[in-house]
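Residue numbers (my numbering): 384 to 915. All residues carry an ideal CB built from backbone N, CA and C; glycine is no exception. Structure record follows, encoded as structure tokens.
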Ligand code: GLN
């Protein structure tokens, strides 16, 4: 295949139940191929009717991940970006809403020339076109993907995913045999005797077959590794060689999953099936994600939701920074409405994440004050940045009723972005995605990034009210990075580490390239360590 360009599809479906870690499995499959020098991209199919994840409640659906082009997408795209070290765009998240919207728009324009517009072929054709378009999209460096992962969200058998499964069934006949492989991720539960049970997998393979889909590889998710006996059983019932049954036992760290799949021989099975050159894998990535910890710090995250999935990118960014510094980062989740102030002294650092609405903000503001006054390393993100401004205005500048326009009555030191005036739709209307940020010299921001021009991803509707910038600066708050007249970073001199960003640096953090603010924060936590 030397020098040739090709595009192969790895389809990933899920059986038995959702929440099996299908996304992590798919991303890990991509990683083992990337380690062999293949360019890998990914498409996530979400069969729900929403156009995108932008309006979805994170408590139900998990984090809304933000792409460079401003796409508000499923958190699995974050896993793809982190595992594959790529930047994706909105077309890489296909939803029923997007597909139907396009088809209906075409119908209204008269593109179908009087035909009856139907799920098959019109919707399925559109799905295939969307997959192809995303798969063929060039990376920013002009390189094209050799391999595209296509993860179908949900579980085989869901009504909503039917048109997508039909589309991927049709795809098999439309691409050369060696350019298509289907991996089915399923659950292998244990019974009360501790025996691994294959029946749910057999049923789920049957459900696939009824749709005309055949699994080339089965990845079995289980608590303990699946042994040869169970693999032979699955092989016998599901028409595939035992070597194509891959065990994926729950790993202590998600970044360890590619190594587990590697040990199971998945790379061999895949390269043979896809007719790819067998190459010796690069081990750099493994070296980075398994670096030994010699220190440990505990970070208190004061938040509204107690669900970790809501803050997955923050959690991962802390982990990336920690690995680079050989420091294990333990996270303590503090409920913004309920935590006791005296708890705060037990942490090496305090982090306030992004958020919307007024619930819990007073608790977060108190935590910021505590971090500022007690010189505890502090990192504020988006809403955390805005609340730092409010805290400073209230307690240093002397504006007791300082607040954000988002939160109601008071002095609005945080105000609606002027371009948001009159915006009524919630979906896709915030200041979203990549914006350039200019860093001022002689600041912590400059020290962290080492650059004066950076790009970071955004997702907000409010900003520091321009009317208060001067006053805040005169009172000692340092705005160390800006975008035109918009404040992007703040910091305090005379504090070991007090740093907040209007943007979300966590979205660009990678295991091999930790985000600078996170790196600085974890380093500061290590230096100012209080916990045993
Ligand atoms: N709610 C704030 C705003 O819209 C902060 C948003 C966020 O934290 N992502 O500006």
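According to DSSP, simplified to helix, strand and coil, what is residue i?
i	result
residue 661	coil
residue 829	helix
residue 845	strand
residue 385	Low confidence applies here, because residue 385 scores a pLDDT of 47, under 50, leaving its location unreliable; read the following figure in that light. Coil, per DSSP.
residue 756	helix
residue 461	helix
residue 626	helix
residue 448	strand
residue 401	coil
residue 871	strand
residue 773	helix
residue 679	strand
residue 881	strand
residue 793	coil
residue 666	coil
I believe residue i touches residue j by the beta-carbon criterion, under 8 Å. Please report the beta-carbon distance rounded to the nearest angstrom.
i	j	result
residue 908	residue 732	4 Å
residue 562	residue 390	7 Å
residue 500	residue 490	5 Å
residue 616	residue 388	About 41 Å; that fails the 8 Å criterion.
residue 737	residue 766	5 Å
residue 815	residue 795	Actually they do not touch by this definition, with Cβ atoms about 22 Å apart.
residue 568	residue 395	6 Å
residue 571	residue 604	7 Å
residue 424	residue 518	6 Å
residue 711	residue 670	Not confirmed; about 17 Å, so no contact.
CA-CA distance, residue i and residue j?
i	j	result
residue 890	residue 397	26 Å
residue 402	residue 655	29 Å
residue 657	residue 418	16 Å
residue 883	residue 619	57 Å
residue 724	residue 750	7 Å
residue 548	residue 453	28 Å
residue 866	residue 851	17 Å
residue 632	residue 421	26 Å
residue 783	residue 777	5 Å
residue 610	residue 706	32 Å
residue 847	residue 772	8 Å
residue 716	residue 551	41 Å
residue 579	residue 565	23 Å
residue 574	residue 613	13 Å
residue 411	residue 665	14 Å
residue 599	residue 553	16 Å
residue 862	residue 810	30 Å
residue 525	residue 797	40 Å
Determine the burial state of residue i: buried for a count of at least 16 other Cβ atoms within 10 Å of its Cβ, exposed for fewer.
i	result
residue 522	exposed
residue 330	Nothing can be reported for residue 330: it is not among the residues displayed for the chain, which extend from 384 to 915.
residue 676	exposed
residue 709	exposed
residue 384	Caution applies to residue 384, whose pLDDT of 46 falls short of 50 and renders its modelled position unreliable; the model cannot decide the point.
residue 535	buried
residue 589	exposed
residue 529	buried
residue 507	buried
residue 558	exposed
Nearer than 6 Å: is that true of the beta carbon of residue i relative to any heavy atom of the ligand SAM?
i	result
residue 795	Questions concerning the ligand SAM fall outside what the structure shown contains, since the ligands it does hold are the ligand GLN.
**Report entry** Sufficient close CB pairs (3 or more, under 8 Å) joining the region 461-480 to the region 837-857
**Finding:** no
**Report entry** contact_flag[the region 886-906, the region 698-708] where n(CB pairs < 8 Å) is 3 or more
**Finding:** yes
**Report entry** contact_flag[the region 788-797, the region 822-832] where n(CB pairs < 8 Å) is 3 or more
**Finding:** no
Query raised in the report: Is there contact here, the region 679-689 with the region 861-880, by at least three beta-carbon pairs under 8 Å?
Result: no
Query raised in the report: Using 8 Å as the Cβ pair cut-off and three pairs as the minimum, do the region 456-468 and the region 435-446 touch?
Result: yes
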